[in-house]
Amino acid sequence: MTNFAFPKSDREQRGLRGPVMAFTEQYIPVATPAELAAYPADSPPPTPKPSEPYRVEFDRDGMQLGVNRERGPLTFDSSGRKMSVSPNNNRDGGTVTIYYDDHDRPVESEVRDSQGTLVRSEVQMYDQLGRITEEQEKVHHLPENVLSQIISQINSQINDEQAKELREYLDNFKHLETTQYFYDVQSTRVVRYVKRNPDQEVVEATTYNDHGDPELTLTTMTALTDQGKSYNGDVRYTYQYDSMGNWTERIVEGHSFPDGVLVHKSKSLRTIEYMVV
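Using the numbering used here, the first residue of the sequence shown is number 2, and each one after it goes up by one.
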């Protein structure tokens with residue numbers, strides 16, 4: 002029988018070990034040889050700019066501080082499904098309705114605009130161990146502000162008839178994306194991930210090191226609308242760890258296949274603060 006413990010706190014879900022009180026992380030892009038070679042010797046490329054450091058803090062139970070965990074009051078719809086309705090906090094207003102199963106897990110959600118029109122919906126499916134196995138996201142209708150923005154950006158480039166056809170197309174725009182997750186038998190680590198929409202399919206397979214951090218991800222991206230053309234590549238991770246087994250430096254290198262050319266590289270630095278026990 003498979004037996005493992007689900008991460009209960011935000012700290013555990015981030016893979017952190019020990020009584021971590023906070024961490025500060027910074028992302029630093031690194032120029033690849035191809036990027037360096039694109040510049041003449043007497044004109045070196047600009048130094049990549051690091052991101053602004055961001056800080057995450059936890060309480061003594063390992064829950065992240067500053068996270069809004071409130072949801073709308075639980076009610077039931079006409080068929081007896083448990084649900085909550087909350088205001089949509091974006092500028093368009095509207096509502097977000099979430100439906101729950103008997104284990105209080107979200108299984109379906111609906112986003113409606115201020116006119117009550119269904120804009121987007123999501124469905125989540127779980128295995129017997131409670132892990133998400135599939136998510137389906139469907140765009141039913143583009144919000145009015147998105148429609149207006151698209152049309153205003155290209156309106157000067159098309160005639161009235163083309164604008165009318167574009168508006169009709171956008172008014173009837175539909176999009177369905179499905180994501181499937183496959184797990185390590187003994188944990189909640191995703192070892193294979195498949196995302197499919199009408200345009201492409203992306204398959205990722207990931208292996209992990211002894212610390213439980215990603216070590217290698219192989220990616221295949223297949224276009225479904227361009228005679229099945231595909232892209233293959235990998236992402237390799239290397240780490241430096243502190244005495245508690247939490248990484249303090251992570252280097253990420255992405256390569257294309259089959260030539261193995263380094264196409265992107267980055268470094269992340271993380272300073273970890275521990276609680277006094």
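Don't be surprised by glycine CBs; every beta carbon is placed ideally from N, CA and C.
In this text the structure is predicted, and so the values were computed from the model without any measurement.
Cβ-based burial, residue i [other Cβ within 10 Å; buried from 16]
i, result
"P41", "exposed"
"T272", "exposed"
"M126", "exposed"
"T98", "buried"
"N160", "exposed"
"R106", "exposed"
"F59", "buried"
"L75", "exposed"
"L66", "exposed"
"R12", "buried"
"M2", "The pLDDT assigned to M2 is 47, lower than 50, so where the model puts this residue is not dependable; a value taken from the coordinates is nonetheless given after this. Exposed is the call here."
"K266", "buried"
"S87", "exposed"
Residue i and residue j closer than 8 Å at C-beta
i, j, result
"G19", "Y209", "no"
"L177", "N198", "yes"
"M222", "Y232", "yes"
"G131", "D114", "no"
"V31", "P49", "yes"
"T226", "D200", "yes"
"T189", "P45", "no"
"E109", "L119", "no"
"Y182", "I151", "no"
"D235", "H256", "yes"
"E138", "R121", "yes"
"Y194", "E205", "yes"
Reference residue i; option with closest CA among the options
i, options, result
"V253", "S231, M245, V278 and L217", "L217"
"Q285", "V191, A39 and Q129", "Here the chain covers residues 2 to 278 and nothing more, so residue 285 does not appear."
"F77", "P54, Y55 and Y101", "Y101"
"S269", "K165, T239 and T226", "T239"
"V278", "K9, D11 and V21", "V21"
"D243", "F24, S80 and A38", "F24"
"L17", "P51, G63, E53 and L37", "G63"
"Q27", "T249, K230 and E123", "T249"
"S129", "V186, H265, V204 and L119", "Ser is not the amino acid found at residue 129; the sequence shown has Gln there. Looking at the Cα atoms, V186 is the closest of the given residues."
"L263", "D11, I29 and L37", "L37"
"E123", "K83, V140, K266 and P88", "V140"
"F258", "T220, S267, N247 and K266", "T220"
"K83", "H212, H104, R70 and E71", "H104"
"D214", "K230, Q228 and R237", "R237"
For residue i: DSSP bridge partner residues
i, result
"S267", "P30 and V253"
"M22", "None, per the DSSP bridge assignment."
"Q125", "E136"
"T272", "T25"
"M64", "DSSP, once it has assigned bridges, lists no residue as partnering M64."
"F183", "R193"
"F77", "K83"
"R113", "T96 and L119"
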